[in-house]
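First residue of the sequence shown? That's 3 in the working numbering, and the numbers climb one at a time after it.
Yeah, the Cβ is synthetic: ideal placement off N, Cα and C, and Gly gets one too.
Computed from a predicted model, the values in this text were never measured in an experiment.
Following: one structure in structure tokens, then a few remarks.
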Amino acid sequence: MFNELIHLESRYILFSIIKEPKTVLDISKELKIPLSSVYKQIQSLKECSLITEKTDFTESGHIATFYQSLIKDAKISITKFEPSISFSKNKITKK
């Protein structure tokens, strides 16, 4: 989980999907990150339980998977050589 939080693309993706769920294509276009990289980071973020996914209809009527961050911020601290991570839970919006 720590690695995902320090990875720049992962952080960009997490911040872009805090307020509203987005598709991988939307994330890729908005952040100008290659589609393959977004898919890879989304998979890693899902494995760390940092994002949620939901299948729904797009505005054009197609079925798509939307992703949203489960956290709105994270704090990393080190005390007596021991790292700790604390999160603030994000409000999940309905698409």
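Following the DSSP letters along the chain, one finds Lys42 inside the alpha helix (DSSP H) bounded by residues Leu37 to Glu49.
A check of alpha carbon separations from Val40 across Glu49, Ile29, Ile20 and Lys48 identifies Ile29 as the nearest.
The residue among Ile78, Lys93, Lys21 and Thr95 with its C-alpha nearest the C-alpha of Ile87 is Ile78.
Here DSSP, grouped into helix, strand and coil, assigns Ile29 to helix. In chain order, Phe89 and Ser90 place their CB closer than 8 Å to the CB of Asp75, counting only its own chain and leaving out the 5 sequence neighbours on each side.
For Ser62, no beta strand (DSSP E) segment is defined, and its DSSP state is neither H nor E. Glu32 and Ile15 have their alpha carbons spaced roughly 10 Å apart. Glu84: member of the beta strand (DSSP E) spanning Glu84 to Lys91, first to last residue.
When beta bridges are read from the DSSP output, Ile80 appears opposite Pro85.
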